[in-house]
Amino acid sequence: MTTLEQETIRPTESEGQPILELNNIGKSYGNVNALRGVNIAVRQGEVTCVLGDNGAGKSTLIKVISGLHDYTEGSLRVDGSEVRFGSPRAAQATGIATVYQDLALAPLMSVWRNFFLANELHKGPFLNIRTMKRVCGEELAKMGIIIPDLDCPVGSLSGGQRQCIAIARAIYFGARVIILDEPTAALGVRQSGVVLKYIVKARDAGLGVIFITHNPHHAYLVGNHFVVLKLGRVVLDAHRDELTLQQLTTEMAGGDELEELSHELSGIDPGKVVQGHQVDHGEIGAPDLGVGSFDGLAREPRFNG
Ligand code: ADP
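Counting from 46, one number per residue, gives the positions in the sequence shown under the numbering used here.
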C-alpha cells in the first residue's frame, strides 16, 4: 500500500519551455489593481501551487488564465506564443481547463451524464448511452476512481469523488493545463486526501496542474513549485527544494505581519490577555489569543518581494 506521502513527494519537474507563461501580468478593475507584475511559468508534469489570503488575487488570476477576463498589462503565452483569449472557449481550445469550486456538475444527473455534459456522444439521432457509460467507467478507472454504479446521481457521491469526476472529465476532453480552484477547501481530511492523490495522478499523466489553495500543508504534499500572492503581487516564488513547509506556512500565516503582531502582543500583560477569566476588573474576559503560539512561527528568510 502506498501512502499519500509516498505517492506525492516525488518531484517530476521538467525543464524546457513552459506550457503556460504569465509575464508581468496585471489586471485592473477601474482603480483596483487586482494583479500586478505577476510572473508564473507552468510546466508539464508539475503541480504549480498558487497560495494567498482573501483578496490576494487568486480568483482574478484564474479568470485571466481561463479566458473569462482579459488582462490589462503584460503578456500570456501558450507554448511560447502570445495569446489573448476572448472567451473561456478560446482558452479551452488551447487545452486550458478550469475546475471551479462549484464544479459545474448537475447533482441530479448520473455520473456518466455529467462526464459527457455538453459533449454527448450520439449514434444517429440518439444518445449513445452504452459507449458513454463504457468510456466514463474506463476513464475513471484509469485514474483509480471506482464508482460501482455510474447511473447513480452525482449528488449522492462524496465531495472528493465529485472533484475527481470533474478533473477526469477535463483531462478526457483534452486539457493540458488544469486549474483547480481550491479543490480541498470544503473537504475533510480523508476526502482531501482523495483529491490530492488525484492531483498527483493528473501531474503524472503529464498535465500542468495549477492548484489554487489556502492550505500550505495540502500544497506542500503535492506541489513542485509554489507561488504566494499578496494584494495582487507575487511575494514568494520557489521550487520545492528551495522551500520548507515551515517557510511556506509562515509566509501564508502572514510573515512579517505575524512577527510584528507577536512583538506587539508580547508587550501586553499575558495575565490580562491570555487568561481572560483571571482579569479582575469586573470586565468580561478577553479571549485566549494564544500569544505563545506565535513564537513558534518566527519569520524565516523570504525569497522574493
Ligand atoms: P482572492 O480570490 O484571492 O480572494 P480576488 O481575485 O477575488 O482575490 O480579488 C483581488 C482584488 O480585486 C480584491 O481587492 C477584489 O476586491 C478586487 N476585485 C476582484 N474582482 C473585482 C471586480 N469584478 N471588480 C472590482 N474589483 C474586483
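We put the beta carbon where it would ideally sit given N, CA and C, even for glycine.
Closest Cα partner of residue i within the set the options
i    : options                   : result
R235 : A211, S203, M177 and L96  : S203
G75  : N68, N84, K103 and T117   : T117
S201 : R129, M154 and E165       : M154
V128 : P228, N68 and R214        : N68
I22  : Q206, V92 and N78         : The requested residue 22 does not occur in the structure, where the chain is confined to residues 46 to 350.
A298 : G312, E309, D282 and K275 : K275
H262 : T229, G277, G253 and R248 : T229
N78  : C94, L96 and G102         : G102
V254 : G277, A215, L281 and S104 : A215
E66  : V123, I107, K178 and L106 : V123
D226 : G97, L306 and L281        : G97
I210 : H259, G233 and Q146       : Q146
H114 : K72, A163 and V180        : K72
T105 : G277, L306 and E309       : G277
Cβ neighbour criterion (16 or more within 10 Å) applied to residue i
i    : result
I64  : buried
K187 : exposed
P170 : exposed
S357 : Nothing in the structure corresponds to residue 357, since the chain is present only between 46 and 350.
R248 : buried
S1   : Residue 1 lies beyond the stretch modelled for the chain, which goes from 46 to 350, so this question has no answer here.
E287 : exposed
A136 : buried
Neighbourhood of residue i by C-beta, 8 Å cutoff - its chain only, sequence neighbours within 5 removed
i    : result
V279 : G82, V83, N84, I85, V272, V273, N349 and G350
K168 : T176
7 Å CB neighbourhood of residue i in its chain, flanking five on each side removed
i    : result
G251 : Q89 and G90
K265 : Sequence inspection shows Tyr at residue 265; the Lys mentioned does not correspond to that position. These residues qualify, in order along the chain: L290 and L293.
D196 : S155
A213 : E184, L185, M188 and I190
I70  : L80, V83, V109, Y116, E118, G119 and L121
N173 : L166 and H167
G182 : L195
H326 : Only weak support exists for where H326 lies, its pLDDT of 42 falling under 50; the coordinates are left without a value.
L232 : G204, G205 and V240
V87  : P63, I64, L65, T93, V222, G253 and I255
F130 : G112 and A136
Sequence-distant residues of its chain with Cβ nearer than 6 Å to residue i (five each side left out)
i    : result
Q62  : G125
V267 : T53, V92, L241, I244 and V245
I257 : V95, K103, D226 and E227
Below-8 Å beta-carbon distance, residue i vs any chain B residue
i    : result
S126 : In the structure shown, chain B cannot be found, because there is only a single protein chain.
Any non-hydrogen atom of the ligand SAH within 7 Å of residue i CB
i    : result
G119 : By its list of ligands, the structure shown excludes the ligand SAH, since it contains just the ligand ADP.
What are the uninterrupted segments assigned as beta strand (DSSP E) that are 3 or more residues long and contained completely in the region 168-204, given in chain order? none
Could you say if the region 236-246 and the region 151-171 meet the contact criterion of at least three C-beta pairs nearer than 8 Å? no
Using 8 Å as the threshold, is the region 140-152 in touch with the region 202-219, meaning 3 or more CB pairs across them? yes
Can you check the region 247-316 for any beta strand (DSSP E) of at least 3 residues that lies completely inside it and give the ranges in chain order? Counting only runs of 3 or more, we get 253-258, 270-275 and 278-284.
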